[in-house]
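For the sequence shown, position 688 matches number 689 in our numbering, and the numbering has no gaps at all.
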Amino acid sequence: MQDRPDPDALLQRIQLEQAQQQRGRLKVFFGACAGVGKTFAMLSAARAAQAQSLPVTIGVVETHGRSDTEALTAHLPRLPLRALPYKDRTLPEFDLDAALAWGAEHPEGLVLLDELAHSNVAGSRHPKRWQDAEELLAAGIDVWSTMNVQHLESLNDIVSGITGIRVWETVPDQFFDAADEVVVVDLPPDELLARLKAGKVYLPQQAERAAANFFRKGNLLALRELALRRTADRVDDEMRAYRRASTTTAEAVWPNREALLACVGTGDNAEKVVRSCARLAAQLDLPWHAVHVETPEQQARSATLHPPVERTLKLAQQLGATACTVLPAAQAAPALVRYAREHNLVRVVLGRSTRRWPWQSTLADQVGQLASDLDLLQVGTLAGRTGSTTRTDRAKPTASATPAATRPPFWPGYIAAALACCIAAVVATPLADVLELTNIVMLFLLVVVGVALRFGRGPAIMAAFLGVGFFDFFFVPPRFNFAVSDAQYIVTFAVMLVVALVVGQLTAGLKVQAEAATEREHRVRSLYDMARDLSAALLPEQVAEIGARFMTGEFSAGSTLVVADDNNRLQILPGGTAPVDLAVAQWAFERGEPAGRGTDTLHSSPTLVLPLKAPMRIRGVLVVAMPQGQVPGVEQRRLLQTCASLLAISLERIHYIDVAQKSTVQIESERLRNSLLSAISHDLRTPLASLVGLAESLAMVQPPLPPQQQGLTEAIQQSAQRMSALVNNLLDMARLEAGAVQLNMAWQPLEEVVGSALAASASAIATHKVDVHLPDDLPLLQIDAVLMERVLVNLLENAAKYTPVGTAIHIRAQAQSDAVALTLTDEGPGLPKGREELLFEKFERGARESATPGVGLGLAICRAIVQAHGGSIRGDTIINARGQATGARFTLLLPRGTPPTDLGGDASV
Numbered sequence: 002m003q004d005r006p007d008p009d010a011l012l013q014r015i016q017l018e019q020a021q022q023q024r025g026r027l028k029v030f031f032g033a034c035a036g037v038g039k040t041f042a043m044l045s046a047a048r049a050a051q052a053q054s055l056p057v058t059i060g061v062v063e064t065h066g067r068s069d070t071e072a073l074t075a076h077l078p079r080l081p082l083r084a085l086p087y088k089d090r091t092l093p094e095f096d097l098d099a100a101l102a103w104g105a106e107h108p109e110g111l112v113l114l115d116e117l118a119h120s121n122v123a124g125s126r127h128p129k130r131w132q133d134a135e136e137l138l139a140a141g142i143d144v145w146s147t148m149n150v151q152h153l154e155s156l157n158d159i160v161s162g163i164t165g166i167r168v169w170e171t172v173p174d175q176f177f178d179a180a181d182e183v184v185v186v187d188l189p190p191d192e193l194l195a196r197l198k199a200g201k202v203y204l205p206q207q208a209e210r211a212a213a214n215f216f217r218k219g220n221l222l223a224l225r226e227l228a229l230r231r232t233a234d235r236v237d238d239e240m241r242a243y244r245r246a247s248t249t250t251a252e253a254v255w256p257n258r259e260a261l262l263a264c265v266g267t268g269d270n271a272e273k274v275v276r277s278c279a280r281l282a283a284q285l286d287l288p289w290h291a292v293h294v295e296t297p298e299q300q301a302r303s304a305t306l307h308p309p310v311e312r313t314l315k316l317a318q319q320l321g322a323t324a325c326t327v328l329p330a331a332q333a334a335p336a337l338v339r340y341a342r343e344h345n346l347v348r349v350v351l352g353r354s355t356r357r358w359p360w361q362s363t364l365a366d367q368v369g370q371l372a373s374d375l376d377l378l379q380v381g382t383l384a385g386r387t388g389s390t391t392r393t394d395r396a397k398p399t400a401s402a403t404p405a406a407t408r409p410p411f412w413p414g415y416i417a418a419a420l421a422c423c424i425a426a427v428v429a430t431p432l433a434d435v436l437e438l439t440n441i442v443m444l445f446l447l448v449v450v451g452v453a454l455r456f457g458r459g460p461a462i463m464a465a466f467l468g469v470g471f472f473d474f475f476f477v478p479p480r481f482n483f484a485v486s487d488a489q490y491i492v493t494f495a496v497m498l499v500v501a502l503v504v505g506q507l508t509a510g511l512k513v514q515a516e517a518a519t520e521r522e523h524r525v526r527s528l529y530d531m532a533r534d535l536s537a538a539l540l541p542e543q544v545a546e547i548g549a550r551f552m553t554g555e556f557s558a559g560s561t562l563v564v565a566d567d568n569n570r571l572q573i574l575p576g577g578t579a580p581v582d583l584a585v586a587q588w589a590f591e592r593g594e595p596a597g598r599g600t601d602t603l604h605s606s607p608t609l610v611l612p613l614k615a616p617m618r619i620r621g622v623l624v625v626a627m628p629q630g631q632v633p634g635v636e637q638r639r640l641l642q643t644c645a646s647l648l649a650i651s652l653e654r655i656h657y658i659d660v661a662q663k664s665t666v667q668i669e670s671e672r673l674r675n676s677l678l679s680a681i682s683h684d685l686r687t688p689l690a691s692l693v694g695l696a697e698s699l700a701m702v703q704p705p706l707p708p709q710q711q712g713l714t715e716a717i718q719q720s721a722q723r724m725s726a727l728v729n730n731l732l733d734m735a736r737l738e739a740g741a742v743q744l745n746m747a748w749q750p751l752e753e754v755v756g757s758a759l760a761a762s763a764s765a766i767a768t769h770k771v772d773v774h775l776p777d778d779l780p781l782l783q784i785d786a787v788l789m790e791r792v793l794v795n796l797l798e799n800a801a802k803y804t805p806v807g808t809a810i811h812i813r814a815q816a817q818s819d820a821v822a823l824t825l826t827d828e829g830p831g832l833p834k835g836r837e838e839l840l841f842e843k844f845e846r847g848a849r850e851s852a853t854p855g856v857g858l859g860l861a862i863c864r865a866i867v868q869a870h871g872g873s874i875r876g877d878t879i880i881n882a883r884g885q886a887t888g889a890r891f892t893l894l895l896p897r898g899t900p901p902t903d904l905g906g907d908a909s910v
């Protein structure tokens, strides 16, 4: 019955196979780095497929000017590339719609997509090429592609640590693992360096730089090892998936890859088994698993056995076990063998045990009999401890065990078994002359079954022996003594005893398993009800109420939900029934580990504190107060962890619903405000222009106006110009946020931009001294000179407005490895403390009420323009040695590029 296939697993497999049949196949040519021949191998395989009448087309292939690679594309059809505008030029890009149309015309077609990690040009349907491949696969089109190991998302940081170069184009591991086939294209480092030197990878100048940086032999060896290891891991996963899918029962272990399985028992030797397995795994550099099999007998006395098991499994996790699992099963040996075969674990490490009875087999003997293909490693017992002492120690209750007064006494079952046998003998006595002795035997067997169902294994064994004795004494001639007149009855007694023992054992075992299954079904149903209620919760208080109801119904325990706000401060939600120790709660929240009762941390606390781990962050803690200070067992801890996970996910869902609602309101508010500002600004521009023109006309009339009227005219002109500048700022901010501003990017010297900004703001900074220091070796920058001049003008005008007359303004620039830093400092009061970043928001000013004109848009426009250039801007206050503010400093970081080289110029001219 245990080998019967799982119908749910079969149905899932059938559904997966149907989905795979409708989906295209992905084949990845995988290499350690550029130049190993991935594209060449893909094109060669495509030519072979074309020779077999398979429709093949090139979606996009990058040959990098290699003639041998280009020659392979000669007879392969190509899809036309799509031209997309990018800045001041047009770039060719893969045409996804054309590939989909071609795939619809060729049902078994194959599209070649080189460089799977490539980032598409802005304006494409997807930002990444692997997303284009995903859409082709979903449409049933086969895709072949290429990629290097440094483009795998999980290995990106490892590769950057080895080579010192960060690769920004990555492919998710999930997409790579979902590929139907991965072909490793490998080349020894010496051959790759020879190809590089011969110019078969890069052009000569690029090859020299690559050999000195990325293509060092040590880097190539490390990348090659990473690629081979990652492919080996994938092949191992495919092998295990094949084993699971090809058979309904676990086959023999395939020793293609070494792995260890530590069997965690309940005795004092368990920790030694785990430590020995961890040391062996470290010496051999092997993965290892730790497993404890929980039998029905252990579930019945979980309070005594579970805490040592939990400590040992936690130790295994700390020592680096790949998996730490508790398996509920009727017998330990079959469960261990099944787990080892399912996970292809070759070696089983278990503690050495002694036989209680000569005919009894140890766990190692049972595993060896069930699986002769497994290697068994037995760990010796601790010094000074024998098997008998271990059993004695194990039988002693721990401090967390259930008090003896609360345990049901064992003796009523044995008394009931004796009474049942007596009743059966009394009932059968008057029937002795009517029924055959075989039928009377059935009555005693019925008693054994009933006792096993009601009272368990021990009373059933007693009933079996008493049944044989009563049958011999009262019914077998000569009656009323234990003498036997016919030797054949000895066989009857033996068979009756064996049948009674077997039936009793099976019945008692089935009873325990049925009770355990019923308990698990009840808990699953409770979790389902809880998850259903949580899906409808809209407030954290509702989540706390649902969690408290579940704790009360399942554990008769009190609970309190403590959630974290946006500043990671814990807040106790109302309605909790468990006392909260904020020190324990804060410890569990900061470290993400359970604390309190039943753990190794702050175990004297009367409550158990579980962190609420959601996918994005820890949302708080769940405080549980078990009744009468009990310590939850492994099964209860597993249920509590599941409950905490459901509560955390629900709290995170509520949080993001609130964030989405606020974002929607904010977006709509911004959109409405920008529309109003744009409309008002457009309506004001014409009358303001007229007002400025009239003021200028009044100043030039003949004969000249009297001095008093001339002063009024100048005041009108200045006010109108300030209002016009304000309206222009409003319009510019609206256009920048709407993305309607097109950057006119060109390679410009920074000196010209600074000079034009100083000229444009000459009147505003006339009362200040400007100190400019720009090094002669500053590189050219690809910027929009007009907009960048606007940034500097705004900063200069701010410095003039908010600093005393006569103070200096300093402009400095410095070239960095990947950017140019431009710094503007003044000698004023500095920026408001704590509001440095807030000043870059719209309509934010240094002082709420100030006589200085302005509405707080200058810095917001500066940041929008600088970010559009791919740079950053920040502001801070300069503090002297006495802790006094001596001015404000604004720093612009503008990215460096590779300016064009003027090959026709003469440096000496």
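Ideal placement from N, C-alpha and C gives every residue a C-beta, glycine not left out.
Counting only residues of its own chain and dropping the five nearest sequence neighbours on each side, Val-448 has a CB closer than 7 Å to the CB of Ala-421, Cys-422, Ala-425, Ala-464 and Gly-468. For Gln-332, the three-state secondary structure derived from DSSP is coil. In this structure, Gly-60 places its C-beta atom within 8 Å of the C-beta atom of Ala-100. A distance below 6 Å between beta-carbons, with the five flanking residues on each side excluded, links Val-610 to the following residues of its chain, in chain order: Val-585, Ala-586, Ala-589, Ala-596, Gly-597, Val-622 and Val-624.
A buried status is given to Met-43, since no fewer than 16 other beta-carbon atoms sit within 10 Å of its beta-carbon.
Between the beta-carbon of Arg-875 and that of Thr-892 there is about 6 Å, and that keeps the pair under the 8 Å contact cut.
Note on geometry: alpha-carbon atoms of Val-821 and Ala-282 lie some 51 Å from one another.
Looking at Gln-743, Glu-715 and Leu-114, the one whose alpha-carbon comes closest to that of Leu-80 is Leu-114. DSSP lists Leu-262 and Ala-324 as the beta-bridge partner residues of His-290. For Asn-121, the three-state secondary structure derived from DSSP is coil.
When Cβ pairs closer than 8 Å are counted between the two stretches, the region 332-346 is seen to touch the region 365-379, the count reaching three or more. Taking C-beta separations shorter than 6 Å and ignoring five residues to either side along the sequence, the partners of Ile-573 in its chain run Val-563 and Val-581, following chain order.
A straight line joining the alpha-carbon of Glu-135 with that of Gly-38 spans about 24 Å. Looking at the DSSP output, Gly-32 sits in a beta bridge with Asn-149 and Val-186. No Cβ-Cβ contact shorter than 8 Å links Leu-511 with Ile-655. According to the DSSP assignment, Pro-896 belongs to the beta strand (DSSP E) that extends over 886-896. Beta-bridge partners of Asp-772 (DSSP): His-811.
The beta carbons of Ser-725 and Leu-689 sit about 5 Å from each other, so the pair counts as a contact at 8 Å.
As computed with DSSP, Trp-748 is found in a beta bridge with Gln-783. When DSSP reads this structure, Lys-129 sits in a beta bridge with Ser-120. Shown here for Ala-52: not one same chain residue has a beta carbon closer than 6 Å to its own, the five before and five after excluded. Only buried fits Pro-541, as 16 or more other CB atoms lie within 10 angstroms of its CB. Check the Cα spacing between Cys-278 and each of Leu-378, Gln-629 and Ile-784: the tightest is with Leu-378. Annotation for Thr-164: the continuous alpha helix (DSSP H) segment containing it runs 157-164. Check the Cα spacing between Gly-548 and each of Glu-516, Ala-626, Ala-517 and Phe-494: the tightest is with Ala-626. Looking at the backbone, the Cα of Leu-221 and that of Pro-190 are separated by about 6 Å. Gly-876 has Phe-891 as its beta-bridge partners, per DSSP. By a beta-carbon distance limit of 8 Å, Pro-93 contacts Ala-84. Their separation comes to about 6 Å. Sixteen is the threshold: when 16 or more other Cβ atoms of the shown chains lie within 10 Å of the Cβ of Gln-783, as they do, the residue is buried. The beta carbon of Trp-748 sits closer than 6 Å to the beta carbons of Leu-781, Gln-783 and Pro-900 from its chain, once the five residues preceding and following it are set aside; these are given in chain order. Under DSSP, Gln-572 takes part in a beta bridge, and its partners are Val-564.
Around His-811, the same chain offers Asp-772 and Thr-826 as residues with beta carbons nearer than 6 Å, after the five sequence neighbours per side are excluded. For Lys-614, the pairing in a beta bridge is given by DSSP as Ile-619. Excluding the 5 residues flanking it on each side, Glu-828 has same chain C-beta neighbours closer than 7 Å at Thr-804, Thr-808, Ala-809, Thr-887 and Gly-888, in chain order. With 16 or more other Cβ atoms inside 10 Å of its own Cβ, Glu-311 counts as buried. Counted as a single uninterrupted DSSP element, the beta strand (DSSP E) harbouring Ile-59 occupies residues 57-61.
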